[in-house]
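Residues 998 to 1432 (the numbering used here) make up the sequence shown, in order.
Heads up: the structure comes next, in structure tokens.
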Amino acid sequence: MLNLIYYIETYGCQMNLYDSAAVRTLLDQAGCRETEDPEQAQLMVINSCAVRGHAEERVLGRIGELKSWKKGKPGRMMVLMGCVGQENGESLLERYSQLDLVLGTERFQEIAGHLDNYLKNGQRQALTSLEERGGEGSIIPSFEKQVCAFLAVMRGCDNFCSYCIVPYVRGREYSRPSGDILGEIRCLAEGGIREITLVGQNVNSYHSDGADFPDLLAQAADVPGIERIRFITSHPKDCGNKLLETMAGHQKICRHLHLPLQSGSDRVLGLMNRKYTLEQYREIVISARKLMPELALTSDLIAGFPGESEEDFQMTLAVMRDIRFDSAFTYKYSIRPGTKAAQMPGQLAEDVRQDRLARMISLQQKISLESNQADIGKTLTVLVEKAVPKRGQMRGRSPGNKPVAFDCASGVSPGDVVKVRVNKATQSTLTGSML
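Structure below.
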């Protein structure tokens, strides 16, 4: 037994949140105990993100800061896991003397054994092989004190979008057996989880045991105790009518579709290797909204891709005005080493990328505000997630994934499903009163 006090910091996507929850389970099983105070910890685990340059810089900066956390404390250990570790491997041990172990994206399942070895022999290691996969089957991630949980149904990506580092740091697509997934959902439901988000780098390309993603989604919706099912992230090329009809046919599946567009220009979409056209994307949106008029549609958008002209960018803004995403994650293009886009001609200057991002954000904020204001006066079904005692409020989310803060009477707890009448809206949050 390790018997260590540990602290976990997580950066990046929902998959990383899931992986951190799995590490929490593994460490607890090894006799460790989590603390919310890093100064009380003997073990620091950093779960890292490298999808954009800024995300990687944040992680590396944090590792640098933590040198003082470890200095003069011989009993302390530091582990880096996730995409930054996978991408950089052994070089991180050379650069940061405070790091003891670097675990790649498919090696965190063995964290307890690697820590035990380190305590015995003091050998610093970087373990980044992607060959051994599927070790999460017997791990039920710990989401204590929460009512919502993430659940990885697949890992990796085969799309190789020209700007994206994910296939290189997460490997090729691998789908978990559906039986393992459904068993995990049942365990989470028994532990008090009320909402499950099925996650994967390209979740709707899932295939296992003869089941595709719509089949899995329908089976997940039938698990007793689960109130809501969500999923993220979908690729437009794999978003067919069967998925949309499955969403529309099951009340537990939230009417929320996150469908990354990335650009409104077919020319830029081609350079990105996205494998769909704007017209094909529009057809998905039209079909989805016809089947589910109450659908909340969100997206990802990139400003300043190599070779993007002002005309291309204006096409993206025009599509945003036309489709009107309820919200969108907006980014300026970030060079990722080893990707095709990093070698493309027409790399745009930082000030151009920043200017386009600012205009994109400004437009989306306006659209998001108008979308939320349209909910004023409506009654929404809200899954309560937490209390905010200082404000005398509870917080949760609507089926469309909109954050909702509301006043309520006593006796309401996280996990309850309540009706809330919306009376105020900002671009990011709805506010109302429980009925």
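Cβ atoms here follow ideal geometry from the backbone N, Cα and C, with glycine treated the same way.
This structure is a prediction, so every number in the text was calculated from the model and none was measured.
Between the C-alpha atoms of E1280 and K1287 there is a straight-line separation of about 11 Å. Distance check between G1153 and each of Q1143, F1140, L1127 places L1127 closest, using alpha-carbon atoms only.
P1035 carries a helical assignment under DSSP once its states are collapsed to helix, strand and coil.
In the structure shown, S1065 adopts helical secondary structure according to DSSP, grouped into three states. R1173 is classed as buried because its beta carbon has at least 16 other beta carbons within 10 Å across all chains shown. Secondary structure of A1018 (DSSP, three-state): helix. Fewer than three beta-carbon pairs drawn from the stretch 1048-1056 and the stretch 1019-1036 are found closer than 8 Å, and the two stretches are therefore not classed as touching. Assigned with DSSP and collapsed to three states, I1137 falls in coil, not helix or strand. For S1410, there is no enclosing alpha helix (DSSP H), as DSSP gives it neither H nor E. Distance between Y1003 and R1092, taken at the CA atoms: about 23 Å. By the Cβ rule, the stretch 1212-1225 counts as touching the stretch 1175-1183, because three or more pairs are nearer than 8 Å. Judged by beta-carbon spacing, P1138 lies within the 7 Å limit of A1019, meaning their Cβ atoms are closer than that value. H1255 has its alpha-carbon roughly 30 Å from the corresponding atom of L1057. Judged by beta-carbon spacing, P1396 lies within the 7 Å limit of C1251, meaning their Cβ atoms are closer than that value. The stretch 1146-1165 and the stretch 1108-1124 do not touch, with fewer than three beta-carbon pairs separated by less than 8 Å. According to the DSSP secondary-structure assignment, R1227 is paired through a beta bridge with T1194. About 5 Å separates the beta carbons of Y1328 and I1299, which is inside the 8 Å limit, making them a contact pair. The beta-carbon separation of L1090 and R1121, rounded to 5 Å, stays under the 8 Å limit for a contact. Taking each of R1030, L1063, N1398, M1074 in turn and checking the Cα distance to S1425, the smallest one comes out for N1398. Apart from sequence neighbours up to five positions away, the residues of its chain that approach D1263 with a beta-carbon distance below 7 Å are T1274, L1275, ordered along the chain. Secondary structure note for K1329: its beta strand (DSSP E) is the uninterrupted segment 1324-1329. Distances from the alpha-carbon of L1258 to those of K1272, G1082, R1227 put K1272 closest.
At least 7 Å separates the beta-carbon of V1099 from that of L1063.
Bounds of the beta strand (DSSP E) holding R1394 are 1390-1394. Per DSSP, I1178 is one residue of the alpha helix (DSSP H) stretching across 1175-1187. By the beta-carbon neighbour count (other beta carbons within 10 angstroms, threshold 16), P1386 is exposed. Within its own chain, the residues whose Cβ lies closer than 6 Å to the Cβ of R1418, once the five positions on either side in sequence are excluded, are T1376, G1429, S1430, L1432, listed in chain order. Contact between I1162 and A1047 is confirmed by a C-beta separation of about 6 Å, below the 8 Å threshold.
7 Å or more divides the Cβ of Q1039 from the Cβ of G1061. In terms of Cβ geometry, N1085 and N1044 do not form a close pair [threshold 7 Å].
For E1382, the closest of Q1143, M1075, D1016 by C-alpha to C-alpha distance is Q1143. By alpha-carbon distance to Q1248, the top candidate from R1104, E1170, T1378, Q1095 is T1378.
Secondary structure of Y1171 (DSSP, three-state): strand. Here A1339 carries a helix assignment [DSSP, helix/strand/coil]. DSSP places M1269 in no beta strand (DSSP E); its state is neither H nor E.
CA-CA distance, P1400 to T1032, rounds to 28 Å.
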